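*Asks:* Got a structure for you, written out below as structure tokens; questions coming shortly.
2 protein chains.
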Amino acid sequence: MIQIGLFGYGCVGRGLYKALQQTPQLNATIKKIVVKNKLKPRDINHELFAYDKEEILNDREINLVIELIDDADGAFKILTVALQNGKPVISANKKMLANHLEEILLLQKKYNLPVLYEAAVAGSIPIIRSIEEYYNIDTITHINGILNGTTNYILTQCFKEAKTFETALKEAQLKGFAESNPTMDIEAFDPTFKLILLLAHAFGVVVKPEDVLNFGITQLTLFDIQFAKEKKQTIKLIAQAYQTDKGIAAYVLPKFIGEQHPLYNIHEEFNAVEINGSFNDNQLLKGKGAGGFPTAAAVLADIFALSNQYRYPYLKQQLKPVNFINNDHLLKIYVRYATDEQFEAFHFHQILARYDGNAYRYAIGYITIKQLIQAKLNQGKGAFVAEIEETPIQINSGVKIPIKNKLPAVESIH
Amino acid sequence: MIQIGLFGYGCVGRGLYKALQQTPQLNATIKKIVVKNKLKPRDINHELFAYDKEEILNDREINLVIELIDDADGAFKILTVALQNGKPVISANKKMLANHLEEILLLQKKYNLPVLYEAAVAGSIPIIRSIEEYYNIDTITHINGILNGTTNYILTQCFKEAKTFETALKEAQLKGFAESNPTMDIEAFDPTFKLILLLAHAFGVVVKPEDVLNFGITQLTLFDIQFAKEKKQTIKLIAQAYQTDKGIAAYVLPKFIGEQHPLYNIHEEFNAVEINGSFNDNQLLKGKGAGGFPTAAAVLADIFALSNQYRYPYLKQQLKPVNFINNDHLLKIYVRYATDEQFEAFHFHQILARYDGNAYRYAIGYITIKQLIQAKLNQGKGAFVAEIEETPIQINSGVKIPIKNKLPAVESIH
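Chains as they are written, first to last, in our numbering: chain A, 1 to 414; chain B, 415 to 828.
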């Protein structure tokens, strides 16, 4: 009999409560729910609620802690004490997990207890367990993921309905697909946390968020959308991790992709992960990345796994010499910028093309991941940055831009 | 240390041999390979080969039998003796597994040994284990699968390149996507065997192939393709299983689907399975359904699972009262036929529309699954049969067919 102590009763917490009621075969019940707000009206039996975390952490009958709160620091404290007190933990808090991954790996060993977090990456998609139990037997060469439903919804609206980023964001907020403070999503921090979890399982790399490049979609304009459309491409915010000859390249960037790309048809708030392996060739897993019930489905699966004594084997960390991140890798990048200072912040390794118009200016060329991280810390943060597929695309076909100045040296035009 | 006795050294057998050499962490080696043909040249050490099945079945050092032969009856004999002799079995033989599923369930219990067969359904896609370990915690409401790469390749060619079925089939044979005798694929027996395995895992139903409706794509003509295109639809060969109010509806039929359908963009030889659950909402898993390495990837994952004492829990059979098939379910069906006898074989429950031209004649309406099985056994086998999505589609917009005879009574036109 699993007796659950639940932290948080938001959208996912409510979904989990209802889903558990319809899943008697799991033999699991919520014994107590700790929330912050005493005054908020609740839709279930009030006696379940408590307001002091010790009421769960010190309850000897509770043998599973599920943590579904927003506060990453608070969540890590809960996780630590729960393990100390002999309770396994299920969490959906990607920020907490990514920020403290190294410590969480050690804590699991120290207390010989599992921490499971399927719901933290791509919501309902069983990606972490599939990697550990299935894809890791193969050699994973490349992972591509749409790991954030909010930005995918916004990008879909921008491309299908020709809306501006600002309009699409407001609509996403009205529909509940974006939070009132959407920074974590639209600036691509949320998918970066998720990528960090995938990196640990698929490549055995443990890395800090600040070492992973991410640009979001806040600077996207109608020009960038038009630029993509004229090449019969779309723009998706893609989290990538792949083997290079000098380690693993890992980053989250908007990317121009054509209809041959497996993520081209992932629309609206859906998430998807594409896995390329030496033997399995190409796999795609698609599903809802958020929402009460879809996320609860992943938590339910974790409860079931725990009831079968499951814990993540972290197979890639055991089998290989520890892998490392290759931030010297060169990416083919489109930078649409406003000022010379913005452009200069990027320190292109090689420029392939550069255009200069009254309204828009952009450059295409190769930049290292490290330089892109630096550019974002400096003036580059105001530019729209997107990766370009290495397959040649025709640059600027039919875009009419009056050239304002003579261009500086261009090394080659594709 | 896993010592493997391998039956069969075709495309998948060779893929497995090579994949195992690159996967030392599995700690598994092939000790012996039993093949039929003594004269065929082999690309690896000849001493591995034997020609008498007893050389594997009676070898006490061999602790895993992997069966990758074509002959379904021979495969079942191997499986039975292997279990009798205390050896777990991995098989990719969907025909054998579907024909003998009930016995195989009993044999696993009797000898307390596992039979795993991830490679038998959708090749590289980890669908059976995902259902057992993940989706079964949820309530699965509807499975849609493109489970046959040969027919999906042919249909893609027909729709993208405007080829006839005959041309596309010949090309598929030249490219190795179709066998010289393609009946099992193009008449939709192969995906029916796979659907039977999915039914057991997702719904706890064990059913014989003869009780599952299947129509293939051999009767597809350019008219049917044109009919679909004018409605901005495509035709896919889809294996379906879903809950109805009187049991599980399960069948394999060509189906007209629009671009909103999750399987619309599954092209070429790819397989895909869409799973709808009460909580997880909508999931899609896509990957290669055949080929030496992709199929070997699934076998490798089974070897890894066995090394962790894994066996299928057949969760849905344990949890529920045994489910049953509802062949009285009504489907909305398009029948394009040549003769009155063909039409009459279908015994429509309700006709929605009927058209009669010099070259082509078709009817659309509701038919029970049982009647469709009967129709196929009678004159109906020469007709092209496809399911129509329940969402209303405009029938016959713009198709110009000279009407030859006055039509019989039509109950309604959508």
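Quick reminder that beta carbons are idealized off the backbone N, C-alpha and C, glycines included.
The structure displayed is predicted, hence computed values, not measured ones.
Check whether chain A comes within 7 angstroms of B:Gly422, counting only Cβ atoms and requiring the distance to be less than that.
*Replies:* Using a Cβ-Cβ cut-off of 7 angstroms, B:Gly422 does not count as an interface residue toward chain A, since no Cβ of chain A sits closer than that to its own.
*Asks:* Considering only residues of the same chain and omitting the five flanking positions on each side of B:Phe573, which have a CB-CB separation below 8 angstroms?
*Replies:* The residues Ile639, Ala642, Lys643, Thr648 and Ile649, in chain order, have a CB closer than 8 angstroms to that of B:Phe573 in the same chain once the five nearest residues on each side in sequence are set aside.
*Asks:* Does DSSP classify B:Lys746 as helix, strand or coil?
*Replies:* strand
*Asks:* What is the C-beta distance between B:Ala800 and B:Lys669, in whole angstroms, given that I count them as a contact (C-beta under 8 angstroms)?
*Replies:* Your pair B:Ala800 and B:Lys669 checks out as a contact, with CB atoms roughly 6 angstroms apart and the cut at 8 angstroms.
*Asks:* Hey, is A:Tyr134's beta-carbon within less than 7 angstroms of any beta-carbon in chain B?
*Replies:* Residue-level contact check: A:Tyr134 touches chain B, since one or more beta carbons of chain B fall below 7 angstroms from its beta carbon.
*Asks:* Under 7 angstroms, do B:Phe760 and B:Gly794 count as touching if we go by C-beta distance?
*Replies:* B:Phe760 is a Cβ neighbour of B:Gly794, given a cutoff of 7 angstroms.
*Asks:* Looking at the C-beta of B:Ser544, does it have a partner C-beta in chain A at a distance below 7 angstroms?
*Replies:* yes
*Asks:* Figure out for me which residue from B:Ile802, B:Leu667, B:Lys646 and B:Ala663 has the closest Cα to the Cα of B:Gln633.
*Replies:* B:Leu667
*Asks:* Thinking C-alpha only, which one of B:His514, B:Tyr423 and B:Pro455 is nearest B:Glu624?
*Replies:* Nearest of B:His514, B:Tyr423 and B:Pro455 to B:Glu624, Cα basis: B:His514.
*Asks:* Pick helix, strand or coil for B:Val448, following the three-state DSSP scheme.
*Replies:* strand
*Asks:* Threshold first: 4 residues or longer. Then list the alpha helix (DSSP H) segments lying entirely within the stretch 566-632 of chain B, N to C.
*Replies:* 579-588, 597-600 and 603-617
*Asks:* Taking B:Glu601 as the reference, give the member of B:Tyr549, B:Ile568, B:Glu517 and B:Met415 with the closest Cα.
*Replies:* B:Ile568
*Asks:* Label A:Arg336 either buried or exposed according to how many other C-beta atoms from any shown protein chain fall within 10 Å of its C-beta, with 16 as the threshold for buried.
*Replies:* Result: buried.
*Asks:* State the DSSP-derived secondary structure class of A:Phe346, mapped to helix, strand or coil.
*Replies:* coil
*Asks:* Roughly how many angstroms separate the alpha carbons of A:Gly258 and B:Ala719, rounded to a whole number?
*Replies:* 37 angstroms
*Asks:* Does any C-beta atom of chain A lie closer than 7 angstroms to the C-beta of B:Lys702?
*Replies:* yes
*Asks:* Output the residue ranges of the beta strand (DSSP E) runs that lie fully inside the stretch 339-385 of chain A and measure 3 residues or longer, sorted by chain position.
*Replies:* Those beta strand (DSSP E) runs which fall completely within the stretch 339-385 of chain A and span 3+ residues are 350-356 and 361-368.
*Asks:* Within the chosen definition, does the stretch 438-456 of chain B reach the stretch 504-523 of chain B through at least 3 CB pairs nearer than 8 angstroms?
*Replies:* no
*Asks:* Nearest by alpha-carbon distance to A:Val65: which of A:Ala19, A:Gly357 and A:Tyr117 is it?
*Replies:* A:Tyr117
*Asks:* Quick check: the Cα distance between B:Ile610 and A:Leu285, rounded to an integer number of angstroms?
*Replies:* 23 angstroms
*Asks:* The alpha helix (DSSP H) spanning A:Ser307 covers which residue range?
*Replies:* DSSP places A:Ser307 inside the alpha helix (DSSP H), whose first and last residues are Gly292 to Ser307.
*Asks:* Could you tell me which of B:Arg775, B:Ala710, B:Tyr774 and B:Gly771 sits nearest to B:Ile539, measuring between CA atoms?
*Replies:* Among B:Arg775, B:Ala710, B:Tyr774 and B:Gly771, the Cα nearest to that of B:Ile539 belongs to B:Ala710.
*Asks:* Is it true that the stretch 685-699 of chain B meets the stretch 481-496 of chain B, where meeting means three or more beta-carbon pairs spaced less than 8 angstroms apart?
*Replies:* no
*Asks:* Compare the C-beta of A:Phe256 against all C-beta atoms of chain B and say whether one is closer than 7 angstroms.
*Replies:* So no, A:Phe256 is outside the interface.
*Asks:* With a threshold of 6 angstroms on Cβ separation, who are the neighbours of B:Asp604 within its own chain once the five nearest residues in sequence on each side are excluded?
*Replies:* Asn562 and Met598
*Asks:* Just to confirm the assignment: which complete beta strand (DSSP E) runs, minimum length 3, are found wholly within the stretch 480-559 of chain B?
*Replies:* 503-505
*Asks:* Per DSSP, what kind of secondary structure is B:Lys432 in: helix, strand or coil?
*Replies:* Helix, per DSSP.
*Asks:* Express the C-alpha separation of A:Asp73 and B:Lys523 in angstroms, rounding to a whole number.
*Replies:* 49 angstroms
*Asks:* Mark A:Pro182 as exposed unless 16 or more other C-beta atoms lie within 10 angstroms of its C-beta, in which case mark it buried.
*Replies:* buried
*Asks:* Take every Cβ of the stretch 468-479 of chain B, pair it with every Cβ of the stretch 451-460 of chain B, and state whether three or more of those distances are shorter than 8 angstroms.
*Replies:* no
*Asks:* Taking all protein chains shown into account, do 16 or more other C-beta atoms lie within 10 angstroms of the C-beta of A:Thr150, making it buried, or fewer, making it exposed?
*Replies:* The residue is buried, with at least 16 neighbouring Cβ atoms inside 10 Å.
*Asks:* Taking beta-carbon pairs under 9 angstroms, can you tell me which members of the stretch 512-542 of chain B lie near chain A?
*Replies:* Glu532, Gly537, Ser538, Ile539 and Pro540
*Asks:* Suppose you measure from the CA of B:Leu714 to the CA of B:Gln435; what does that come to, to the nearest Å?
*Replies:* Pairing B:Leu714 with B:Gln435, the inter-Cα distance amounts to about 11 angstroms.
*Asks:* Please check if any C-beta of chain A sits within less than 7 angstroms of the C-beta of B:Ala616.
*Replies:* no
*Asks:* Determine whether the beta carbon atoms of B:Phe762 and B:Ile781 lie at a separation below 7 angstroms.
*Replies:* yes
*Asks:* Taking the alpha carbon of A:Gly15 as the reference point, which residue from B:Gly701, B:Tyr656, B:Asp552 and B:Tyr665 has its own alpha carbon closest?
*Replies:* Checking every option, the nearest Cα to that of A:Gly15 belongs to B:Asp552.
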